[in-house]
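Respectively, the protein sequence lines represent chains F and B. Residues in the first sequence are numbered consecutively from 979, following the numbering used here. Residues in the second sequence are numbered consecutively from 16, following the numbering used here. Positions of the beta carbon are idealized from the N, C-alpha and C atoms, including for glycine. Everything numeric in this text was worked out from a predicted model, so none of it was measured. Heads up: the structure comes next, in structure tokens.
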Amino acid sequence: MSTNPPTLSRPSENIGLSVALDGAGWHPAAWREPAARPADLFSTAYWADLAAEAERGLLDFVTIEDSLGLQSDHFGGPPDSRTDQVRGRLDAALIAAALGPVTSSIGLVPTVTTTHTEPFHVSKSLATLDFVSHGRAGWRVQVSSKAHEAEHFGRRQIPAIGRNWESDDASRRVVRELFDEAADVIEAVRRLWDSWEDDAEIRDIATGRFIDRGKLHYIDFEGPAFSVKGPSITPRPPQGQPVVTALAHAQIPYELAARGADLVFVTPQTVDEVPGIIEQVRSAEASVARTGTPLLINADLLVVLDHTEQAARDRRHRLDDLAGSALQSDAAIIATTPERLAGLLIEWADAGLDGFRLRPAALPTDLVAITRGVVPHLQRAGAFRSGYSTTSLREHLGLPVAVNRYAAIA
Amino acid sequence: MSNQTTRKQIILGAHFPGVNNTTVWRNPASGSQIDFASFRHFAQTAERGKLDFLFLAEGLRLREQRGLIHDLDVVGRPDTFAVLAALSSVTTQLGLAGTINATFNEPYEVARQFATLDQLSGGRAAWNVVTSSDAFTGENFRRGGFLPHAQRYTRAREHVQTARELWDSWRSDAIVADKEAGQFLADGTAGAFAHDGEHFKISGRFNVPRSPQGHPVVFQAGDSSDGREFAAQSADAIFTRHGTLEEGVAFTRDVKARARRYGRDPDDLKVLPGVGFILGDTDQEAAEIAREVRFEQVSPQTAILLLEQVWNRDLSSYDPDGPLPAEDPDVESISIIQGRARQVDGILETARRYRRIAEEKNLSIRELIVEVTGRGLFVGSARTVADELDRFVLAGASDGFILVPHIVPFGLDGFVDQVVPLLQERGALREDYVPGATLRENLALPPAAPAAHWAARVRDNAEEVAS
Ligand SMILES: Cc1cc2nc3c(=O)[nH]c(=O)nc-3n(C[C@H](O)[C@H](O)[C@H](O)COP(=O)(O)O)c2cc1C
Chain F
979 MSTNPPTLSR PSENIGLSVA LDGAGWHPAA WREPAARPAD LFSTAYWADL AAEAERGLLD
1039 FVTIEDSLGL QSDHFGGPPD SRTDQVRGRL DAALIAAALG PVTSSIGLVP TVTTTHTEPF
1099 HVSKSLATLD FVSHGRAGWR VQVSSKAHEA EHFGRRQIPA IGRNWESDDA SRRVVRELFD
1159 EAADVIEAVR RLWDSWEDDA EIRDIATGRF IDRGKLHYID FEGPAFSVKG PSITPRPPQG
1219 QPVVTALAHA QIPYELAARG ADLVFVTPQT VDEVPGIIEQ VRSAEASVAR TGTPLLINAD
1279 LLVVLDHTEQ AARDRRHRLD DLAGSALQSD AAIIATTPER LAGLLIEWAD AGLDGFRLRP
1339 AALPTDLVAI TRGVVPHLQR AGAFRSGYST TSLREHLGLP VAVNRYAAIA
Chain B
16 MSNQTTRKQI ILGAHFPGVN NTTVWRNPAS GSQIDFASFR HFAQTAERGK LDFLFLAEGL
76 RLREQRGLIH DLDVVGRPDT FAVLAALSSV TTQLGLAGTI NATFNEPYEV ARQFATLDQL
136 SGGRAAWNVV TSSDAFTGEN FRRGGFLPHA QRYTRAREHV QTARELWDSW RSDAIVADKE
196 AGQFLADGTA GAFAHDGEHF KISGRFNVPR SPQGHPVVFQ AGDSSDGREF AAQSADAIFT
256 RHGTLEEGVA FTRDVKARAR RYGRDPDDLK VLPGVGFILG DTDQEAAEIA REVRFEQVSP
316 QTAILLLEQV WNRDLSSYDP DGPLPAEDPD VESISIIQGR ARQVDGILET ARRYRRIAEE
376 KNLSIRELIV EVTGRGLFVG SARTVADELD RFVLAGASDG FILVPHIVPF GLDGFVDQVV
436 PLLQERGALR EDYVPGATLR ENLALPPAAP AAHWAARVRD NAEEVAS
């Protein structure tokens, strides 16, 4: 058994807990559940209600899924022509920003793709999310390896990559390149966040200077895919560095997380796999010579929750029947009661995880089961907060204050 | 209010001044230009005044002069989309207009962001398309480099056209969401698009359903002939600097005639100059405040820097309270200022004009700069300002105004408290919003015409010109 990574200021009895919001939920038939609101998926009210529920449950943060392409049944392939599942989604960074003023404590972590976007825009977008939420912004970094998404931009071609890309040299090379580029994007974005020192705005009436330009810094980022001069046009955000997260299942993505992220989402299928995955993450950290705070490691679990085990399994099967096929996921799928899930989270945390991102199968049903079922059980076990005692997302997660790399040099 | 329907309505936008040299940050009443509380107050004030929209400008690289980041003016602004999305949650009727460059963004992402903003706000999004960008700004971007002036507009035109095609790619009734029948989409091709043009060859499936306005309102800002032509072809409204009555009438006549040539109703292209305003209890008091504000906007150091932008030389050794330099502007060297749209008229003519004015009125450098850089400023009691604004609109100088206060975030309060009621009294401004009205409806614009119509107008016109 591996031992726990060095714990930070987060109380050790506290399990990290967040939810992943996506459309009507992670089951393709979720939109047909009685409580689902499929006609509202593109409204602020829908997202505000979900965020409010997650905040009522005192969760660390919500992630908001996104992609530059339309949802599809085909892995990595072009969109399908299905009409029986949710298709279409709003830009996650904008949803998160809209949630800023209507929430007060919960972290807001949109998915933002690095492959076709401008690091300069990404940086100011997330910095501004941090301003509008008073220090609750995060970022789920996502790489687009899809050929058809590249065609939406017409600037480059990306060869089709199959499910078994790891064992195919050509695909591996493409993936390696895309992830190297993503690591560069994270680095450029982080430098831009630091490109203003916190006290750069001086409003000095005597000299007539609004800013001290000595506290603004060119970032001079140069990489194979792009270069960025800087400084940002947006001052350093309240957290200094919003929290960077990434989902990873394999060596190359683990290395990306180790190079640039604060928190990695992993996908063990059983508790027995947990130590091995933690070891892989730690060895990725070593191989990229990560310094500073070790990655927080959260497991993703797709959950179907109900009063009894049987009811949960029945609900899963009912959804499968509506969808016409059994639910599949990269993450472990767990159909159980809130109480049992709470026990399972404690057991898996004891195996070395810092926390969990739960993917509710159906919204709002499974989210409510988390906030009103799982959370109280964790609280009774002394494993979860009874109120927010911290204000920023970094603090919720026990991450240290972000030191400005440029100020440190001065 | 029977005359409300018959008499011409004034369109009013509120410009939140971001990076700029007009905000009097030295004034103790000036607050943060970054904190969300500032944006919230400003937007809610505009909404209290029943204004049409809030407006955000954009700059993508910090200005430099003599190779140094400019440090005298307000510097630093948040991201346009994130601010507008957040504001959509704390307002219900106010339009949300964002300036987004057509050079350093791609149609798929911009169309997606504006469609999202339109969804989140219930039909209140507007895009001010700008093209100003050069190699200096390009250093912050993947694409790098810059586009020559003419090409910037061909790209901008195609950019907007492509965005319209993407917005059209979902029918408004594409989402069925019938749980019982298990049918979410009306058909399996929603979002399908293919555009093959000079600047963009893109295809696939757009992933945001059609938004309440169909096409968010499109603004254009840019004054060259190319810019005006682009507006006449592709925009619903123009943001201009022409703030005097005579200039306004001439400009409005010109761009509306251009719109007519594209087969458009000239009323469907709104002309909106950006204007400042100074209120006082009396006209005289307002005039005194205006003088103070102008000198606060143009500090001694600022006067020298603004003069340098014309002279294109280091003038740091000159006395701002002394006369203009004897030497002429440097027309050979590259621009001393970077990150600001270059002046259109030649700098030699400008310098000659400056000399003439300084001589005639016996002005120092600072006094001259105060004199020549003020523009579109309405000064007086609330009654006088209301009368003047209305007079401009009735005379055909514009369809309304984009108000630029010099204090953030409280600079709009006085206007809303004092001028708005007077405009309402005379039936020139709505008493209240129509609940749920979109920005397009508030601006009295027609429903979004399909992308194909916009393209056909341009094509037909080209044939007309060719034949
Ligand atoms: C009233 C007005 C406002 C403008 N605001 C912006 C702005 O916020 N950001 C920007 O990059 N350019 C802005 N511009 C510049 C225009 O987009 C345009 O690129 C520039 O005027 C050069 O084009 P032209 O030669 O057609 O005038 C503005 C122009 C005008 C006239």
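Tell me the start and end of each unbroken beta strand (DSSP E) in the region 1063-1144 of chain F that is at least 3 residues and wholly inside, in chain order.
Segments of the beta strand (DSSP E) lying fully in the region 1063-1144 of chain F: 1085-1091 and 1116-1120.
So, under 8 Å CB-CB, Gly1113 of chain F and Gln1219 of chain F are touching, yes? Tell me the CB distance rounded to an integer number of Å.
As a position in the first sequence, residue 1113 of chain F is number 135, starting the count at 1. As a position in the first sequence, residue 1219 of chain F is number 241, starting the count at 1. In fact, because the Cβ distance is near 11 Å, the residues do not count as touching under 8 Å.
By the 10 Å Cβ neighbour count, where 16 or more other Cβ atoms means buried, how is Ala481 of chain B classified, buried or exposed?
Counted from its first residue, the second sequence places residue 481 of chain B at position 466. Confidence at Ala481 of chain B is low in this model, with a pLDDT of 45, below 50, so its placement is unreliable and no value can be given for it.
heavy atom of ligand 1 below 8 Å from Ser47 of chain B C-beta
As a working mapping, residue 47 of chain B is identified with position 32 in the second sequence. The answer is no for Ser47 of chain B.
Compute the Euclidean distance between the alpha carbons of Glu1251 of chain F and Pro1079 of chain F, then round it to the nearest angstrom.
Counting from 1 along the first sequence, the entry for residue 1251 of chain F is found at position 273. Counting from 1 along the first sequence, the entry for residue 1079 of chain F is found at position 101. Cα to Cα, the separation comes out at about 40 Å.
Taking DSSP as the reference, what is the three-state secondary structure of Trp1174 of chain F?
Taking the first sequence and counting its residues from 1, one reaches residue 1174 of chain F at position 196. Strand at Trp1174 of chain F.
Could one say the Cβ of Trp185 of chain B lies closer than 9 Å to chain F's Cβ atoms, at least one of them?
Mapped onto the second sequence, residue 185 of chain B falls at position 170. Answer yes: the Cβ-Cβ gap between Trp185 of chain B and chain F drops below 9 Å somewhere.
Tell me the start and end of each unbroken alpha helix (DSSP H) in the region 1214-1270 of chain F that is at least 4 residues and wholly inside, in chain order.
1229-1238 and 1252-1265
Take the Cβ of Val409 of chain B as the centre, count every other Cβ of all protein chains shown within 10 Å, and call the residue buried at 16 or more, exposed below.
Position 394 of the second sequence, counted from the start, is the residue given in the question as residue 409 of chain B. The residue you asked about is not Val; residue 409 of chain B is Leu in the sequence shown. Exposed, by the Cβ-count rule.
Cβ neighbour criterion (16 or more within 10 Å) applied to Asp1328 of chain F:
Translated into the one-based positions of the first sequence, residue 1328 of chain F becomes position 350. Under this definition Asp1328 of chain F is an exposed residue.
So that I know if they touch, is there some Cβ in chain F lying closer than 9 Å to that of Asn457 of chain B?
Residue 457 of chain B sits at position 442 when you count from the first residue of the second sequence. No, no contact with chain F.
For Asn36 of chain B, the three-state DSSP class (helix, strand or coil):
In the second sequence, residue 36 of chain B corresponds to position 21, counting from 1. The answer is coil: DSSP assigns Asn36 of chain B none of H, G, I, E or B.
Tell me whether the beta-carbon of Gly411 of chain B lies closer than 9 Å to the beta-carbon of Thr267 of chain B.
Sequence index remark: in the second sequence, residue 411 of chain B carries index 396 (1-based). Sequence index remark: in the second sequence, residue 267 of chain B carries index 252 (1-based). Yes. Within cutoff.
Under the criterion of a Cβ to heavy atom distance below 8 Å, does Gly237 of chain B qualify as lining ligand 1?
What you label residue 237 of chain B is simply residue 222 of the second sequence in a count that begins at 1. True, at least one ligand heavy atom lies under 8 Å from that Cβ.
In chain B, what lies closer than 7 Å to Val1080 of chain F by C-beta?
As a first step, residue 1080 of chain F is located in the first sequence; it is residue number 102 there, counting from the start. Going along chain B in sequence order, the residues near Val1080 of chain F (Cβ under 7 Å) are Ser104.
Could you list which residues in chain B have their beta carbon closer than 8 Å to that of Arg1067 of chain F, in chain order?
Here residue 1067 of chain F refers to the residue found at position 89 when the first sequence is read from its first residue. Asn222 and Val223, listed in chain order.
Less than 6 Å between C-beta atoms, sequence neighbours within five positions excluded: which residues of the same chain meet that for His1094 of chain F?
Indexing the first sequence from 1 puts residue 1094 of chain F at position 116. Closer than 6 Å at the Cβ level, and outside the excluded window around His1094 of chain F, lie Phe1131.
Cα-Cα separation, Ser1205 of chain F to Arg1294 of chain F
The residue labelled residue 1205 of chain F in the question sits at position 227 within the first sequence. The residue labelled residue 1294 of chain F in the question sits at position 316 within the first sequence. Spanning the alpha carbons of Ser1205 of chain F and Arg1294 of chain F requires a straight line of approximately 48 Å.
Could you give the DSSP three-state label for Trp142 of chain B: helix, strand or coil?
In the second sequence, counting from the first residue as 1, residue 142 of chain B sits at position 127. Here Trp142 of chain B sits in strand by DSSP.
So does Asp241 of chain B have its beta carbon nearer than 8 Å to some heavy atom of ligand 1?
Mapped onto the second sequence, residue 241 of chain B falls at position 226. Asp241 of chain B Cβ: within cutoff of ligand 1.
Under a CB-based cut-off of 9 Å, is Pro335 of chain B close to chain F?
For this step, residue 335 of chain B is matched to residue 320 along the second sequence. Output row for Pro335 of chain B: interface = no.
Taking 8 Å as the line, does the beta carbon of Ser249 of chain B fall inside it for any heavy atom of ligand 1?
Taking the second sequence and counting its residues from 1, one reaches residue 249 of chain B at position 234. No - ligand 1 has no heavy atom lying nearer than 8 Å to the Cβ of Ser249 of chain B.
Name the chain B residues whose beta carbon is nearer than 9 Å to that of Ser1344 of chain F?
Within the first sequence, the letter at position 366 stands for residue 1344 of chain F. Contrary to the premise, residue 1344 of chain F reads as Asp rather than Ser in this sequence. Here the premise fails: no neighbours, minimum Cβ distance about 17 Å.
Let me know if Asp149 of chain B comes out buried or exposed under the rule of 16 or more other beta-carbons within 10 Å of its beta-carbon.
Residue numbering aside, residue 149 of chain B sits at position 134 when the second sequence is read from its first letter. When all chains shown are included, Asp149 of chain B counts as buried.
Against chain F, does Asn120 of chain B count as a neighbour if the rule is that its beta carbon must be under 9 Å from one of theirs?
Within the second sequence, the letter at position 105 stands for residue 120 of chain B. True, the Cβ-Cβ gap to chain F drops below 9 Å.
Helix, strand or coil for Lys216 of chain B per DSSP?
In the second sequence, the residue the question calls residue 216 of chain B occupies position 201. Note: Lys216 of chain B maps to strand in three-state DSSP.
Mind checking if Thr1369 of chain F is an interface residue toward chain B, Cβ cutoff 9 Å exclusive?
Taking the first residue of the first sequence as position 1, residue 1369 of chain F is located at position 391. Not an interface residue.
Taking the alpha-carbon of Thr1106 of chain F as reference, which of B:Ile217, B:Ala192 and B:Asp50 has the nearest alpha-carbon?
Along the first sequence, one-based indexing puts residue 1106 of chain F at 128. Cα-wise, what sits closest to Thr1106 of chain F is B:Asp50.
Any chain B beta carbon closer than 9 Å to Asp1190 of chain F:
Taking the first residue of the first sequence as 1, we reach residue 1190 of chain F at position 212. Yes - at least one Cβ of chain B is within 9 Å of the one on Asp1190 of chain F.
List, from N- to C-terminal side, the alpha helix (DSSP H) runs of 4 residues or more that fit wholly inside the region 284-320 of chain B.
298-312
Kindly indicate if chain B contains any beta-carbon less than 9 Å away from that of His1355 of chain F.
The count along the first sequence starts at 1 and reaches residue 1355 of chain F at position 377. Not an interface residue.
May I have the straight-line CA-CA distance separating Trp1171 of chain F from Ala471 of chain B, to the nearest angstrom?
As a first step, residue 1171 of chain F is located in the first sequence; it is residue number 193 there, counting from the start. As a first step, residue 471 of chain B is located in the second sequence; it is residue number 456 there, counting from the start. If you draw a straight line from the Cα of Trp1171 of chain F to the Cα of Ala471 of chain B, it comes to about 45 Å.
Measure the Cβ-Cβ separation of Ala1235 of chain F and Ala1262 of chain F and say whether it is below 9 Å.
For the purposes of this step, residue 1235 of chain F is identified with residue 257 of the first sequence, where counting begins at 1. For the purposes of this step, residue 1262 of chain F is identified with residue 284 of the first sequence, where counting begins at 1. Using a Cβ distance threshold of 9 Å, Ala1235 of chain F and Ala1262 of chain F count as a contacting pair.
Going by the DSSP bridge assignment, what does Asp1390 of chain F pair with across the sheet?
Only positions 979 to 1388 of chain F appear in the structure, and residue 1390 of chain F is not among them; the question remains open.
Just checking my contact of Arg81 of chain B with Asp343 of chain B at CB under 8 Å: how many whole Å lie between their CB atoms?
Sequence index remark: in the second sequence, residue 81 of chain B carries index 66 (1-based). Sequence index remark: in the second sequence, residue 343 of chain B carries index 328 (1-based). Contact doesn't hold; Cβ gap of about 19 Å is too wide.
Cβ closer than 7 Å: which chain B residues qualify as neighbours of Lys1207 of chain F?
Indexing the first sequence from 1 puts residue 1207 of chain F at position 229. Within chain B, the residues near Lys1207 of chain F are Glu154 and Asn155.
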